[in-house]
Amino acid sequence: MFHKKNLGSDGLVVLLCLLSANASAAIIEVPADQPTIQQAIDAASTGDTVLVSPGTYIEHLDYHGKAISVKSANGPAQTTIDGSSTGTVVTFQSGEGLDSILEGFTIQHGSASFGAGVMLSGGSPTITRNIFRDNAQGAGGFGAAIGGNGSSPIIERNRFLNNSCDTQFLSGVVSFVNGSSPLLVNNIFKQNPCRAINMTLPTEGAPVVANNTIVQNSVGVRVDARVPTFGQLYANNIVVGNEIGLQVDFLNPGNEPTWENNLVFGNGLNYSGIADQTGLHGNISLNPRFAHYAKSNFHLRASSPAIDAGTLSVPNLPPTDFDGNPRVVDGDGDGTALPDIGAYEFSP
Numbered sequence: 118m119f120h121k122k123n124l125g126s127d128g129l130v131v132l133l134c135l136l137s138a139n140a141s142a143a144i145i146e147v148p149a150d151q152p153t154i155q156q157a158i159d160a161a162s163t164g165d166t167v168l169v170s171p172g173t174y175i176e177h178l179d180y181h182g183k184a185i186s187v188k189s190a191n192g193p194a195q196t197t198i199d200g201s202s203t204g205t206v207v208t209f210q211s212g213e214g215l216d217s218i219l220e221g222f223t224i225q226h227g228s229a230s231f232g233a234g235v236m237l238s239g240g241s242p243t244i245t246r247n248i249f250r251d252n253a254q255g256a257g258g259f260g261a262a263i264g265g266n267g268s269s270p271i272i273e274r275n276r277f278l279n280n281s282c283d284t285q286f287l288s289g290v291v292s293f294v295n296g297s298s299p300l301l302v303n304n305i306f307k308q309n310p311c312r313a314i315n316m317t318l319p320t321e322g323a324p325v326v327a328n329n330t331i332v333q334n335s336v337g338v339r340v341d342a343r344v345p346t347f348g349q350l351y352a353n354n355i356v357v358g359n360e361i362g363l364q365v366d367f368l369n370p371g372n373e374p375t376w377e378n379n380l381v382f383g384n385g386l387n388y389s390g391i392a393d394q395t396g397l398h399g400n401i402s403l404n405p406r407f408a409h410y411a412k413s414n415f416h417l418r419a420s421s422p423a424i425d426a427g428t429l430s431v432p433n434l435p436p437t438d439f440d441g442n443p444r445v446v447d448g449d450g451d452g453t454a455l456p457d458i459g460a461y462e463f464s465p
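End of the sequence shown = 465 in this note's numbering, gap-free, step of one.
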């Protein structure tokens, strides 16, 4: 019997204290209450939490429109959802909103043309604190780790490692098309033989891509600019060591997205299809001085030019960084607190 914690069952005092919208929320444990994650999702109701114990789960999940949280008990290092290279691992295709949450898993071995790790078709969930690795997109689709079509999720504090895709225009580790406006913040993209981020959106698309650290991918960020993209904001990102840093295709004059306070350095080509942005709108091209680049420690040294070099103009900028530490901090000690560039906020 799963833990459907109907909170009035323990007496009148508990009932009166906890009588609220959350009073009937359940915690459904996997495998203690349900043997699989999908069976727990199927049993869940609005506001419930599916809490998954450590282990590897060979599954393909669909939220079926439910406003529920699916979380690991011990984090992504100990809890894996494996797609066994036979399709999308997690699907949101029934109008899910930000209160549909996927948190704390390693998501691996998805294989699909559209959204191999996570597929968003009109769904706009919250995807946080996961590791996406070894997912593969092909056959002319898009989204090796996350593919979004008409979706506006929050994607925050995730790692993307060694996800692969084909080379057609829509492909990328995280790709969005058709009226999507995702918030993509505080993520790390490392060594993906693929475009890390790819946006192919109509004029109304307004993604916010901020405070990500994007290292050693084939392309850091790619934007299709056949239509006006000035509603797209790319700010406070570190883009280092990629074959191409920032790439804009099919640019018509006046259609440029907004690039602010990015650090673009040491790529094979820093900019492609767009003028060099160095020195404009806070964009810089300097060694970020990571704590240990060779060991993939992308925290900032005290001497980093990324400290307090970001902009506060990012809408819905989270109050914490990748590690969950406070952002914004006066890291350079000049009396004015500004966000750092990249996924990590330096604390003196």
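Glycine included, every Cβ here is placed at the ideal spot set by N, Cα and C.
Per DSSP, the beta-bridge partners of Leu168 are Glu146, Lys188. In this model, Asp159 and Arg250 are separated by some 26 Å (Cα to Cα).
Check the Cα spacing between Ser389 and each of Phe382, Asn404, Asn400, Gln364: the tightest is with Gln364.
Look at Gln364 here: in three-state DSSP terms it is strand. At the C-beta level, Pro193 and Thr223 come within 8 Å of one another. A straight line joining the alpha-carbon of Gly267 with that of Asp451 spans about 43 Å. Burial of Ile272 is indicated by the presence of at least 16 other C-beta atoms within 10 angstroms of its C-beta. Here Asp159 carries a helix assignment [DSSP, helix/strand/coil].
The segment 334-341 makes contact with the segment 310-324; the number of CB pairs closer than 8 Å reaches 3 or more.
Scanning Ser464, Ile185, Ala229 for the CA closest to the CA of Leu215 turns up Ile185. For Gly258, the closest of Leu278, Gly232, Asn247 by C-alpha to C-alpha distance is Gly232.
In this chain, the beta strand (DSSP E) harbouring Asn414 covers 414-417.
According to the DSSP secondary-structure assignment, Lys307 is paired through a beta bridge with Leu278, Val332. Residue environment: Lys183 is assigned as buried (16 or more neighbouring CB atoms within 10 Å of its CB, all protein chains considered). Taking each of Pro319, Val344, Thr243, Ala352 in turn and checking the Cα distance to Val326, the smallest one comes out for Ala352.
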